[in-house]
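Written below as structure tokens is the structure these notes are about.
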Amino acid sequence: MKLNFHSTVLFVKDIEVSKQFYCNILSQEIDSDFGNNISFKTGLSLWQISEGHILNADYYNKSISNKSLEIYFETEDIDKVVEFINSKNIKKHHELIEESWGQKTIRIYDPDNNLIEIGEKLESFIKRMYQEGLSIEQINRKSGVQINLISEYIK
């Protein structure tokens, strides 16, 4: 038996509100839109469950958000993303921080209170640390990234 991962589905309260958030805030492109079910080109899907569906009756509680799930996005320009988020008055879990491994991240919530992390791409934060004066060895110790990859990224 062969199984292939297809996508991650987020259950949402209002498909239109969530569609606007994921398209306009997180720049997701729609692959398929079936009204109450949207698939993005990245593999993420949104589903507004109809009132009569079995998941609505015995699984999905619209008043509880999932506290053990984070959706992760990357960017080459974290400062621009943070500026954009601040201009849209989006609910944040925390402001921009630098993680212990050197990556800058911000965490926000979508309209259904799903936690979303936006972080610098690996190559971007390695280059930034090098430009800030850290040696290849210091970057390796801080980030855990292999020296040969660091060398490639800072070329």
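Take the sequence shown: its letters are residues 48 to 202, numbered as in my numbering.
Each residue gets a CB set at the ideal place from its N, CA and C atoms; glycine is no exception.
Under 9 Å between C-beta atoms of residue i and residue j
i	j	result
I101	N84	no
Q269	S65	An answer regarding residue 269 cannot be provided, because it is not within the stretch 48 to 202 covered by the chain.
E117	I163	yes
E170	T122	no
V129	E142	yes
Q75	L91	yes
I132	I155	yes
I183	I201	yes
M176	S190	yes
Expected contact under 8 Å - CB spacing of residue i and residue j to nearest Å
i	j	result
F172	Q150	5 Å
L196	F120	Contact doesn't hold; Cβ gap of about 21 Å is too wide.
P158	F68	5 Å
D88	D78	The displayed chain sequence assigns Lys, not Asp, to residue 88. Indeed, because the Cβ distance is near 5 Å, the residues count as touching under 8 Å.
In DSSP terms, what residue i is bridged to
i	result
D80	I85
Y156	L162
K139	I155
W94	F58 and N84
E184	Partner(s): none; E184 has no beta bridge.
E145	K151
I118	I163
Legend entry - Segments assigned beta strand (DSSP E), at least 3 residues, entirely inside the segment 49-78: If we require 3 residues or more, the beta strand (DSSP E) runs fully inside the segment 49-78 come out as 55-58.
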